[in-house]
Amino acid sequence: MADSPVWWFHGQELFIRMSGATYGLTALGSRVVKIRVNPDLPTIPVPAVSQNWSIIEDSDTQLKFASGGLLGTVTLSDGTVRWETPEGQLLDQDHNPIRCEHGQTVLTKDRLYSHYLGGGQSALPLDKRGSKVTFWNRDAAEIHTELSDSLYQSHPIWWGWSAGKVWGTYIDSGARITADFTGGNSVCITVESLQFTYYGIYDTHLDGVLSRFSRITGYMPLPPLWALGYQQSRWSYQSADEALTIAKTFRERKIPCDVIYLDIDYMHGYRIFTWDPQNFPDPRGLIHQLHQLQFHVVAIVDPGIKADPDWELYQDAFREHVLVTYHDGSVVQGQVWPGPAVFPDFFNPQVQQWWVHRIALFLDTGIDGIWNDMNEPSLFDTPNHSLPDDAVHKPSPDSVISHRLVHNYYGREMAKASFLGMESHDPDARPFVLSRAGFSELQKWSAIWTGDNHSLFSALRQMIPMLLSLSLSGQPFIGADVGGFQGNCQPELFARWVAAAALTPFFRNHSAMGTTRQEPWSFGPEVERQVAHLIAWRYRLLPTLYQLFWEAHRYGRPIMRPMVYHYENAPQGLMLQDQFLVGSELLVAPILDTAADHRAVWFPDGTWYSLDTSQVFRGAGYDVVQWPLGVLPVFVKDDSLLLVQAPQITALPLPTRIQWMIHLSRGIKTAWYQDDGVSHGYRAGQYNLMEILVELRQDICRITTGIKHQGFPSPTTMVDIWIYDPTLAISQLRFNGVGLDFVRQQDAVFTSVPTAWIWQTSAPTQ
1 MADSPVWWFH GQELFIRMSG ATYGLTALGS RVVKIRVNPD LPTIPVPAVS QNWSIIEDSD
61 TQLKFASGGL LGTVTLSDGT VRWETPEGQL LDQDHNPIRC EHGQTVLTKD RLYSHYLGGG
121 QSALPLDKRG SKVTFWNRDA AEIHTELSDS LYQSHPIWWG WSAGKVWGTY IDSGARITAD
181 FTGGNSVCIT VESLQFTYYG IYDTHLDGVL SRFSRITGYM PLPPLWALGY QQSRWSYQSA
241 DEALTIAKTF RERKIPCDVI YLDIDYMHGY RIFTWDPQNF PDPRGLIHQL HQLQFHVVAI
301 VDPGIKADPD WELYQDAFRE HVLVTYHDGS VVQGQVWPGP AVFPDFFNPQ VQQWWVHRIA
361 LFLDTGIDGI WNDMNEPSLF DTPNHSLPDD AVHKPSPDSV ISHRLVHNYY GREMAKASFL
421 GMESHDPDAR PFVLSRAGFS ELQKWSAIWT GDNHSLFSAL RQMIPMLLSL SLSGQPFIGA
481 DVGGFQGNCQ PELFARWVAA AALTPFFRNH SAMGTTRQEP WSFGPEVERQ VAHLIAWRYR
541 LLPTLYQLFW EAHRYGRPIM RPMVYHYENA PQGLMLQDQF LVGSELLVAP ILDTAADHRA
601 VWFPDGTWYS LDTSQVFRGA GYDVVQWPLG VLPVFVKDDS LLLVQAPQIT ALPLPTRIQW
661 MIHLSRGIKT AWYQDDGVSH GYRAGQYNLM EILVELRQDI CRITTGIKHQ GFPSPTTMVD
721 IWIYDPTLAI SQLRFNGVGL DFVRQQDAVF TSVPTAWIWQ TSAPTQ
């Protein structure tokens with residue numbers, strides 16, 4: 001090695017200069033290290049003192065340093081770095097020294113783990129071992145296969161997993177990234193940039209590393225409760241009359257639905273923020289009528305601004321200098337839906353504010369949510385089908401940066417500006433933004449769907465590992481186009497897809513122009529009955545789903561989880577990508593093949609109950625389950641408490657009665673969270689949080705509640721307690737020490753308790 005490493009401190013950061021690169025290391029609390037590659041260096045020499053790092057050894061052979069439960073070592077002979085626990089357990093180690101040349105950085109790591117999970121959106125298996133993942137946002141309209149080289153979103157976070165040890169690597173760069181897991185003894189990471197930041201994250205379980213990752217990238221806000229309902233979309237509902245007809249048909253047929261989408265044809269010549277004067281002559285009137293029908297309206301807004309010199313928005317964009325340019329200052333122009341178009345520079349803070357203002361004006365029509373599409377960004381006429389690599393952005397008046405270095409950030413920055421525009425328009429209401437493109441941190445601004453999938457059983461099968469990988473990449477609010485976007489969906493596929501997606505966090509039916517209609521009644525009365533039943537189940541379980549959204553907001557936990565998340569010691573847990581968990585209590589195992597009415601389901605240890613058929617299955621192991629069309633393919637485990645409400649056609653209003661559906665064998669510890677579902681009041685303490693303990697000792701079932709927080713005047717006045725008890729084990733029921741009368745209804749005991757009494761008899765808890 002030509003030059004020996006040199007190290008010094010600057011504030012909390014430890015700088016290490018080697019021949020291949022310079023690192024800036026910061027310990028971020030416990031078990032997380034931030035590593036800046038080739039950072040801009042401080043110009044003033046700083047003493048070798050830090051409150052963040054402790055130098056353990058500074059010898060002729062190595063530099064060893066420690067902080068936050070991690071021990072780092074640089075080998076001076078070659079500049080390689082390794083990370084260990086204080087006890088000496090190896091977590092991460094360079095296989096080769098870092099290389100920075102030809103505009104890219106190559107990190108090669110020892111392959112220390114038996115499995116690699118996460119990796120954002122791809123068409124690859126859940127376990128990325130043996131695969132190569134490319135992170136480069138693109139408009140991927142083709143049928144997605146394992147050969148698809150990147151998709152719409154990039155989340156370059158992956159977890160090396162072995163039982164009892166998880167190490168995360170997160171690359172924070174908007175440039176193209178590849179992570180090659182095909183090597184027998186190494187993992188090769190290539191970043192097409194010479195300057196970026198990455199993170200190492202350690203814990204013993206997936207739950208712990210995801211919590212730490214959320215502290216880096218941020219937590220999702222609570223969405224409006226209506227966004228958890230069923231959502232109906234198509235490219236396009238061509239007129240106000242058609243949109244109203246769709247909404248009225250849902251209400252006439254009593255099929256639950258909360259949201260109607262307006263795709264690009266509501267616009268005047270595909271000009272964003274405009275309305276077609278012939279087909280949508282009175283947008284305020286249309287939206288008012290949809291609101292009267294208890295629908296929320298989400299409208300698409302793309303980044304491309306039609307290059308029309310006579311249009312006020314185009315003129316204003318030039319006047320305010322908000323557009324992406326080349327180095328010489330000329331504006332980048334490309335073909336999208338309106339024809340020639342120009343594009344906002346969302347990396348410029350002034351442009352963000354310009355967009356915030358434009359979104360707020362658009363929302364004056366009554367629109368409830370913003371749908372950002374084509375924001376990879378997608379262009380029709382450039383070689384890379386996006387902004388040219390030599391386009392530049394201006395993050396500050398005195399700096400420019402090449403588009404190729406920040407490409408993957410563009411969709412996230414657009415979604416952020418749309419979110420802030422909604423907050424600006426109505427500071428009291430929770431924004432709802434849906435984005436096709438994005439990068440890590442998107443969860444703070446937007447829900448995600450997986451882009452233009454196809455009406456194929458192969459796409460249905462692909463949905464589960466794709467969504468699980470996004471979940472493990474810090475994106476809780478996720479879903480896929482139900483029924484498939486492109487191609488003609490068949491009745492069987494549609495019914496199976498609704499069943500598989502009924503409890504995915506984001507639940508939207510969307511289809512393309514010229515394809516078979518996919519409204520629930522489009523496939524005849526039998527499929528309509530089946531699908532309506534499945535959607536109704538989602539609405540019954542909305543309180544449980546909302547509880548999981550609160551956990552995602554509070555702790556960074558995924559809502560949709562792979563089996564290994566809770567059953568890491570079971571070898572099947574890692575291999576399964578045709579079933580998943582919703583929270584810890586619900587197991588979803590849909591049929592994913594045509595002409596099938598049964599499947600093998602792997603049940604973890606314990607007893608599992610079909611929610612829809614009341615069948616009972618005992619783990620651990622496989623069992624064959626019959627799933628006729630229209631049956632919800634969901635099981636609930638023993639020792640669980642589900643929050644269930646009566647069926648209703650919209651997510652709001654909040655129920656006046658709620659059921660605690662209890663399956664009990666040993667004991668339960670859970671919580672019940674409630675707020676108004678629409679405002680930011682929860683940020684100011686306007687919510688209720690109750691701890692619930694349930695235990696069965698001999699023949700006495702004891703329920704104990706504790707007050708964690710009480711700040712919301714809930715409309716829920718009654719709790720119906722339903723406890724599954726087929727063996728007649730329960731002879732007494734005590735609630736906060738008070739004996740309750742109950743009745744038996746088939747295999748369960750049942751009683752009702754006023755919520756006011758529950759709060760009065762609950763003890764405060766810490």
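Going by the UniProt record's numbering, the sequence shown opens with residue 1, and the numbers climb by one from there. Don't be surprised by glycine CBs; every beta carbon is placed ideally from N, CA and C.
Cβ-Cβ distance between Lys637 and Glu585 below 7 Å: yes
Assign Ile56 to buried or exposed, taking buried as 16 or more other Cβ atoms, counted over all protein chains shown, within 10 Å of its Cβ. Its Cβ having fewer than 16 others within 10 Å, Ile56 is exposed.
Paired residues, beta bridge with Asn453 - DSSP: Paired residue(s): none; Asn453 is not in a bridge.
Exposure of Lys669, with buried meaning 16 or more beta-carbon neighbours within 10 Å: exposed
Through-space distance from Ile535 to Ser396, alpha-carbon basis: About 48 Å.
Helix, strand or coil, according to DSSP, for Val356 in the structure here? helix
Find out if the Cβ-Cβ distance for the pair Ala570, Ile559 is shorter than 7 Å. no
Using C-beta distances below 7 Å, list every residue in its chain close to Asn736, excluding the 5 sequence neighbours before and after it, in chain order. Within the same chain, Asn736 has close Cβ partners Thr704, Thr705, Thr761 and Ser762.
Just mark Tyr326 as buried or exposed, buried being the case when its beta carbon has 16 or more other beta carbons within 10 Å. Tyr326 should be labelled exposed.
Could you tell me which of Gly119, Gly685 and Arg540 sits nearest to Met661, measuring between CA atoms? Per the Cα distances, Arg540.
Determine, using beta carbons only, whether Ile246 comes closer than 7 Å to chain C. Note that chain C does not occur in the displayed structure, where there is just one protein chain.
Note down, one range per segment and in chain order, each alpha helix (DSSP H) of at least 4 residues found wholly within the stretch 496-549. Every unbroken stretch of the alpha helix (DSSP H) spanning 4 or more residues and falling wholly within the stretch 496-549 is given here in chain order: 525-540.
Check Phe196 in the structure and name its three-state DSSP category. Strand at Phe196.
Rounded to whole angstroms, what's the CA-CA distance from Asp180 to Arg129? Just pull it up for me. 9 Å
Roughly how far, in whole angstroms, is the beta-carbon of Leu117 from the beta-carbon of Leu472, given that I think they are within contact range, below 8 Å? About 5 Å; that satisfies the 8 Å criterion.
Use the C-beta contact count for Ala227: other C-beta atoms within 10 angstroms, 16 or more gives buried, fewer gives exposed. buried
Cβ contact check for the stretch 422-434 and the stretch 97-114: 3 or more pairs under 8 Å: no
Over what stretch of residues does the beta strand (DSSP E) that includes Arg36 continue unbroken? Val32 to Val37
Rounded straight-line distance, which links the Cα of Asp241 to that of Thr717: 40 Å
With a Cβ-Cβ cutoff of 7 Å, do His663 and Gln626 count as a contact? no
Apart from the five residues on each side of it in sequence, which residues of its chain come closer than 7 Å, Cβ to Cβ, to Met1? At Met1 the pLDDT is 40, less than 50, meaning the model places this residue with poor confidence and gives no usable figure here.
How would you call Pro47, buried or exposed, if buried means at least 16 neighbouring beta carbons within 10 angstroms? Its pLDDT being 49, under 50, Pro47 is placed unreliably in this model, and the value from its coordinates should be taken loosely. Classification of Pro47: exposed, given that the 10 Å Cβ count is below 16.
Buried or exposed (CB count within 10 angstroms, at least 16 for buried), Met513: exposed
I'd like to know if the stretch 302-311 and the stretch 330-337 are in contact, where contact means that at least 3 CB-CB pairs between them fall below 8 Å. yes
Check this for me: beta carbons of Asp428 and Ser162, under 7 Å apart or not? no
Thr73 burial status per 10 Å Cβ neighbour count (16 or more: buried): buried
Leu587 - DSSP class collapsed to helix/strand/coil: strand
Excluding the five sequence neighbours on either side, which residues of its own chain have a C-beta within less than 8 Å of the C-beta of His425, listed in chain order? If we look at His425 and ignore the five residues flanking it on each side, its Cβ neighbours are Ile359, Ala360, Leu363 and Asp364.
Going by alpha carbons, who is nearest to Asp578 out of Val33, Phe15 and Pro125? Among Val33, Phe15 and Pro125, the Cα nearest to that of Asp578 belongs to Pro125.
Assuming Pro491 contacts Phe523 (C-beta within less than 8 Å), just tell me the rounded distance between them. 4 Å
When we look at the beta-carbon of Arg212 and count the other beta-carbons within 10 Å, is it buried (16 or more) or exposed? buried
Test item: CB-CB of Ala620 and Asp639 under 7 Å: no
Own chain residues within Cβ distance below 8 Å of Val738, not counting five before or after: Thr761
For Trp235, the three-state DSSP class (helix, strand or coil): Judged by DSSP in its simplified three-state form, Trp235 adopts coil rather than helix or strand.
Using the three-state DSSP reduction, which class does Leu592 fall into: helix, strand or coil? coil
Measure the CB-CB distance between Ala651 and Leu225 and report whether it falls below 7 Å. Yes.
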